[in-house]
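**Q** Sharing a structure, written as structure tokens. Questions coming.
Numbering (our numbering), first residue to last: 122 to 266.
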């Protein structure tokens, strides 16, 4: 009998700190590099609850989710397994602190993003900053491709 395999659902949370920038974590585990906070959705958990939980676990920030930005599903986006990430934009206040599987944390703008960025997070952040300038048209164009 054939075993069905499905992609694993994940969430990423672009956390905006008022007039400061966005929060990124430096990963403690492979794949190494800087990343948007996020992780795997637990069984029985909504995407929204997973996003809030992951944000808290990795940054010690309570977030307010503002919107879903986009979903990213390229099978090569994570070299460990096929994942589908739903990316949220959220806001928070306070001082982020690295937790869970984050070994470092920082606040960045489009002009000073750290390198290397893990997974497909460079592409996600390019989309985010373009969306901030141009609005939803960014994703309408993608849907037509």
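C-beta: ideal position from N, C-alpha, C; glycine also.
Computed from a predicted model, the values in this text were never measured in an experiment.
To which residues does DSSP link residue 130 through a beta bridge?
**A** 205
**Q** Give the C-beta separation of residue 162 and residue 130 to the nearest angstrom, bearing in mind that I take them to be a contact with Cβ-Cβ under 8 Å.
**A** 4 Å
**Q** Got a sec? Which residues, its chain only, sit under 6 Å from residue 155 by beta carbon, not counting five neighbours each side?
**A** 145, 147, 235 and 238
**Q** Pick helix, strand or coil for residue 254, following the three-state DSSP scheme.
**A** helix
**Q** Hey, would you say residue 241 sits closer than 8 Å to residue 198, going by beta carbons?
**A** yes
**Q** What first and last residue would you give for the beta strand (DSSP E) that runs through residue 223?
**A** 223-229
**Q** Check whether the Cβ atoms of residue 141 and residue 158 sit closer than 8 Å, and answer yes or no.
**A** no
**Q** Return helix, strand or coil for residue 193, following the three-state DSSP convention.
**A** strand
**Q** To the nearest angstrom, how far is it from the Cα of residue 126 to the Cα of residue 205?
**A** For residue 126 and residue 205, the gap between their C-alpha atoms comes out near 13 Å.
**Q** By how many angstroms is the C-alpha of residue 169 removed from the C-alpha of residue 136?
**A** 14 Å
**Q** Would DSSP call residue 136 helix, strand or coil?
**A** strand
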